[in-house]
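Participant: Handing you this structure, nothing more for now.
There are 2 protein chains.
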Amino acid sequence: MGSMGEFELLARVRERLPPAENERLRVGTGDDAAITVPGGATATSVDAIVEGVHFDRERASLRQIGAKALATALSDMAAMGAEPGEAYTVLGVPPDLGEDECLQLLDGLVEVAAASGIALAGGDLTRSPALSLAVTVVGHAPDADRLVTRAGARPGDALVLTGELGGAAAGLLLLAHSDDGHSTEPRAEPLLARQLEPQPRLAAGRALAAAGARAMIDISDGLGGDAGHLAAAGGVGLRIEAESVPIQEGAPEVARLFGRDPLELAIGGGEDYELLAALPAADLDLEALAAAARVAVTRIGEVVDGSGVEIRRLGGQALFVGGFDQLD
Amino acid sequence: MGSMGEFELLARVRERLPPAENERLRVGTGDDAAITVPGGATATSVDAIVEGVHFDRERASLRQIGAKALATALSDMAAMGAEPGEAYTVLGVPPDLGEDECLQLLDGLVEVAAASGIALAGGDLTRSPALSLAVTVVGHAPDADRLVTRAGARPGDALVLTGELGGAAAGLLLLAHSDDGHSTEPRAEPLLARQLEPQPRLAAGRALAAAGARAMIDISDGLGGDAGHLAAAGGVGLRIEAESVPIQEGAPEVARLFGRDPLELAIGGGEDYELLAALPAADLDLEALAAAARVAVTRIGEVVDGSGVEIRRLGGQALFVGGFDQLD
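Chains as they are written, first to last, in this note's numbering: chain H, 1 to 328; chain G, 1001 to 1328.
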């Protein structure tokens, strides 16, 4: 940690933090533990990112790295339909990261916390050979039945998707080829933002849960893989029509630029952090759902008897067949 | 992660895990988040250890490293007087750590989880340049008032300590000089165990909370430093009689062997994970407390008006004066 001690940095970090406040948090940072009074059910998830594995300081700013660590953790809360409650972070600080740089990273965390209404309730700070951030997020619901797991999809259910896919993978392609100058084009900006500053679909998750979603997952590994998790967890099969999957504007052009199929970016690319949910097909009102979700909601397929995932073009050609694993 | 993918390792990890069960846990590992129904107040703490910073694979077995990571996190639950609930772990796996070695580390976690009654409810696994473990632990109490923070000590309160100090620091000295052969002496074993396999004082923490402890902390940084945190958090001073501080058997001999003062190991050494608590002095029944705490409880001083910590010998000589910082 260079010439700066952990204590000194912790002191500056705490000064910088907004007061952690929500109706459930009684004691935040600075004691042996934070104290909360949940009052219902909680959803808890941990995620870690490590430099050189999940991000690269040459391609993302420290603010973006901090923001993305919390945003992607919050995406798990969205996928449960939970209301964001508290976050606990462990920051691993490498020798070449100065105090001001730590605070930039923290600024990213603080921005996302403020935007999502989650309280930064505790944390730990340690020296580390590589920059790393582990984030534990806790979300809340009035009771456990209001939280939506990956299991529970039933044959006949409609499969819906929030927003658009492929943007994050297109952004990653642009970053990987940033020497070519493509990433500086104005049209590239929304794709880069999708990759570097993902937005957890918290309102959409709660809206889908309220609308009776029986199973839900966030798209972090790509539609193919995550649909596979949903199928495996529910003991059902999923059929998805490729043409109905909304692709983010600009992504097809980027895909073609690098000789890739736009649908491949959507199905295999990942990191879009949209939500995939199974709901009863009867009375499905996509317009009302979209209004509550504050993002477009598209029906892309259905739940069927069987197992695994098939993503087919209208002509019948299978683009993706898989999803039999049991892992997240 | 060598030739092994994260998915394959995760699968083996999950097979190895005992079913995570407690009366509050509804959904454990394998979904976007774990689901619990806390039913009262929760205490949440995060801790991380990193190879080369907090431990060394040459001095501790992987089982011991895994066990210590969870045990020290649980010590924070002990210090709150909380009942252990759920743990969430992030394992950072370096290139030279094989699958079997990951599972050894996990065995240590599982042992401590079983012994303490905490459910391993979730986690993440990532490649990392150095072996690291971040642990989030959640403890429970019927309501927030039953959890004991660092603040709350009042002038006139008795200051009590569980167990004995200095053993972990003596064990560390032996490990640091293990080439000399001292660490292989039979008398060294309890000191090495104290350093490598600390035991969280969970029953003692609950007993002290039930006995009306107004402030409590675990001794991770040494009695001097941690007493300082308690003093600062409560806006009070602490006076400790050096001769009343119980020193672990064998530690004085080790201290003398390396030209150190035994009390120095107890006051500055840390990692003993005993509990320091302030309780109303009236009606203090140390024998009843010890029976409930399942460990000796010793009165070592008192809370006074003022600030900071003084640890004095009977003659009046101050051994340690400090503890004015506000940090944990």
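Ideal Cβ positions, reconstructed from N, Cα and C, are used throughout, including at glycine.
1) Return the Cβ separation of residue 13 (chain H) and residue 77 (chain H) in integer angstroms, given the expectation that the two are a contact with Cβ distance under 8 Å.
2) Spatial neighbours of residue 1306 (chain G) within its chain, please: CB distance less than 6 Å, with the 5 preceding and 5 following residues excluded, ordered by chain position.
3) List the residues of chain H that residue 1139 (chain G) touches, going by C-beta distances under 9 Å, in chain order.
4) Going by DSSP, which residues form a beta bridge with residue 1165 (chain G)?
5) Between which two residues does the beta strand (DSSP E) containing residue 185 (chain H) stretch?
6) Can residue 230 (chain H) and residue 278 (chain H) be called in contact, C-beta distance under 8 Å?
7) Checking contacts by CB at 8 Å: is residue 9 (chain H) closer than that to chain G?
8) Buried or exposed: residue 314 (chain H), going by 16 or more other Cβ atoms within 10 Å of its Cβ?
9) Quick one: is residue 43 (chain H) near chain G, going by C-beta distance under 8 Å?
10) Rounded to the nearest angstrom, what separates residue 1104 (chain G) and residue 1053 (chain G) at their Cα positions?
11) List, in order along the chain, the chain H residues whose C-beta lies closer than 9 Å to that of residue 1144 (chain G)?
12) With 8 Å set as the bound, which would you pick, yes or no: does the beta-carbon of residue 84 (chain H) sit closer than that to a beta-carbon of chain G?
13) So if I threshold CB-CB distances at 9 Å, which residues from the segment 47 to 60 of chain H count as touching chain G?
14) Residue 1114 (chain G) to residue 1096 (chain G), Cα distance in whole Å?
15) Residue 1339 (chain G) lies in the alpha helix (DSSP H); which residues open and close that run?
16) Round the Cβ separation of residue 1046 (chain G) and residue 108 (chain H) to the nearest angstrom and send it over; I've been treating them as touching at under 8 Å.
17) Would you grab the beta carbon distance between residue 205 (chain H) and residue 142 (chain H) for me? Rounded to a whole angstrom, and I think it's under 8 Å.
18) Starting from the Cα of residue 1059 (chain G), find the closest Cα among G:1030, G:1263, G:1183 and give me that residue.
19) Please go through the same chain and pick out, in chain order, the residues whose beta-carbon is closer than 7 Å to the beta-carbon of residue 1319 (chain G), but skip the five residues on each side of it.
20) Closer than 7 Å, Cβ to any Cβ of chain H: which residues of the segment 1201 to 1218 of chain G, in chain order?
21) Spatial neighbours of residue 1016 (chain G) within its chain, please: C-beta separation below 7 Å, excluding the five flanking residues on both sides.
22) Provide the residue span of the beta strand (DSSP E) that contains residue 132 (chain H), from first to last.
23) Using a Cβ-Cβ cutoff of 8 Å, what residues of the segment 85 to 115 of chain H are near chain G? List them in chain order.
24) Once the 5 residues before and after residue 1027 (chain G) are set aside, which same chain residues still bring their CB inside 7 Å of it?
25) In chain G, which residues lie less than 8 Å from residue 127 (chain H) when you measure between Cβ atoms?
26) Among residues of its own chain, excluding the 5 on either side of residue 1024 (chain G), which ones have a beta-carbon nearer than 8 Å to its beta-carbon?
27) Since residue 1063 (chain G) is in the alpha helix (DSSP H), which residue starts that stretch and which ends it?
28) Under 8 Å Cβ to Cβ from residue 1067 (chain G), same chain only, skipping five residues before and after it: list those, please.
29) Identify which residue in G:1214, G:1030, G:1272, G:1228 has its Cα closest to the Cα of residue 1154 (chain G).
30) Under the three-state reduction of DSSP, which class applies to residue 1 (chain H): helix, strand or coil?
31) Would you please verify whether the beta carbon of residue 162 (chain H) is less than 8 Å from any beta carbon of chain G?
32) Quick one: list the residues of chain H neighbouring residue 1122 (chain G), beta-carbon separation under 8 Å, in chain order.
33) Output the distance between the C-alpha atoms of residue 269 (chain H) and residue 168 (chain H), rounded to the nearest integer angstrom.
34) Which residue marks the beginning of the beta strand (DSSP E) containing residue 124 (chain H), and which one marks its end?
35) Starting from the beta carbon of residue 147 (chain H), find every residue of chain G whose beta carbon is closer than 9 Å, and list them in chain order.
36) Give the interface partners of residue 136 (chain H) over in chain G, defined as CB-CB distance under 7 Å, in chain order.
Facilitator: This is what the structure gives:
1) Their Cβ separation, rounded to whole angstroms, is 23 Å, which puts residue 13 (chain H) and residue 77 (chain H) out of contact at 8 Å.
2) 1237
3) 33
4) G:1247
5) Note, residue 185 (chain H): premise wrong, no beta strand (DSSP E); not H, not E.
6) yes
7) no
8) exposed
9) yes
10) 20 Å
11) 26, 27, 35, 36, 37
12) no
13) 47, 48, 49, 50, 51, 52, 53, 54
14) 28 Å
15) A question about residue 1339 (chain G) goes unanswered here, because the residues of chain G that appear run from 1001 up to 1328.
16) Going by Cβ atoms, the distance from residue 1046 (chain G) to residue 108 (chain H) rounds to 19 Å, so no, they are not a contact pair.
17) Wrong, their Cβ atoms sit about 15 Å apart, outside the cutoff.
18) G:1183
19) 1242, 1263, 1267, 1311, 1312, 1313
20) 1217, 1218
21) 1103, 1106
22) 132 to 141
23) 86, 88, 89, 90, 92
24) 1034, 1035
25) 1050, 1053
26) 1036, 1037, 1038, 1039, 1085, 1086, 1140
27) 1062 to 1080
28) 1108, 1109, 1111, 1112, 1197
29) G:1214
30) At residue 1 (chain H) the pLDDT is 38, less than 50, meaning the model places this residue with poor confidence and gives no usable figure here.
31) no
32) 44, 45, 46
33) 7 Å
34) 119 to 127
35) 1026, 1027, 1033, 1035
36) 1046, 1088, 1136
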